[in-house]
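Asks: Let me give you the structure first, and then I'll get to my questions.
In this note's numbering, the protein residues as written are 9 to 158.
This is the structure in structure tokens:
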């Protein structure tokens, strides 16, 4: 079995055991491995424009706000924007700061025909550490995966 198939199988099992209503849950490292090995896989970063600009972004990620800063109003065009950027047949993995908005995006995508929608656990910045700071304990940045400043 290929590494990508193993990751997808683990992601499905993780989602099933947690009772998640979407196809899978992947760690940041697993998400990056899938991006590198599968042709029809996408990361959709659902953070705000402010987060992309000031915190950073994953190379080649699709950027579609789930909510807009500063008021954090829901993006009424989220599904339309998703459908223009990502084929519903593709593996799509959603990323946010810590895994909450991306969880909601994966649910909505699944409800609208994205059978391989997944959440990237821990998010881009991860959980706060003992100093109340993100980016060190877990998540995309702490895993040392590729990203660039906005």
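In this text, a Cβ means the ideal position worked out from N, Cα and C, and glycines have one as well.
Determine the burial state of residue 50: buried for a count of at least 16 other Cβ atoms within 10 Å of its Cβ, exposed for fewer.
Replies: Your numbering for residue 50 matches position 42 in the chain shown. It is buried - the Cβ of residue 50 has at least 16 other Cβ atoms within 10 Å.
Asks: When we look at the beta-carbon of residue 36 and count the other beta-carbons within 10 Å, is it buried (16 or more) or exposed?
Replies: Taking the chain shown and counting its residues from 1, one reaches residue 36 at position 28. By the 10 Å Cβ count, residue 36 comes out buried.
Asks: Please give me, in chain order, every unbroken run of the beta strand (DSSP E) with length at least 3 that falls completely inside the stretch 116-158.
Replies: Those beta strand (DSSP E) runs which fall completely within the stretch 116-158 and span 3+ residues are 125-128.
Asks: What number of angstroms, rounded off, separates the C-alpha of residue 143 from the C-alpha of residue 91?
Replies: In the chain shown, the residue the question calls residue 143 occupies position 135. In the chain shown, the residue the question calls residue 91 occupies position 83. Those two C-alpha atoms are separated by around 30 angstroms.
Asks: Residues in the same chain with beta-carbon distance under 6 angstroms from residue 102, minus the five sequence neighbours each way, listed in chain order, please.
Replies: Locating residue 102 in the chain shown gives position 94, where the first residue counts as 1. Excluding residues within five positions, the ones whose Cβ falls inside 6 angstroms are 52, 54, 110, 113, 114 and 127.
Asks: Relative to the C-alpha of residue 18, which candidate in 38, 62 and 29 has its C-alpha closest?
Replies: Looking up residue 18 in the chain shown gives position 10. The shortest Cα separation from residue 18 among 38, 62 and 29 belongs to 38.
Asks: When the distance is taken between beta carbons, is residue 75 closer than 8 angstroms to residue 56?
Replies: Residue numbering aside, residue 56 sits at position 48 when the chain shown is read from its first letter. Residue numbering aside, residue 75 sits at position 67 when the chain shown is read from its first letter. Closer than 8 angstroms, so yes.
Asks: Rounded C-beta distance between residue 23 and residue 46? I'm assuming under 8 angstroms.
Replies: By one-based count along the chain shown, residue 23 stands at place 15. By one-based count along the chain shown, residue 46 stands at place 38. Residue 23 to residue 46, Cβ: 18 angstroms. No contact.
Asks: Can the beta-carbon of residue 64 be found less than 8 angstroms from the beta-carbon of residue 156?
Replies: Residue mapping note: residue 64 aligns to position 56 of the chain shown, counting from 1. Residue mapping note: residue 156 aligns to position 148 of the chain shown, counting from 1. Contact flag set, yes.
Asks: So if DSSP puts residue 53 in a beta bridge, which residue, or which two residues, is it bridged to?
Replies: As a working mapping, residue 53 is identified with position 45 in the chain shown. DSSP output for residue 53 lists 71 and 103 as bridge partner(s).
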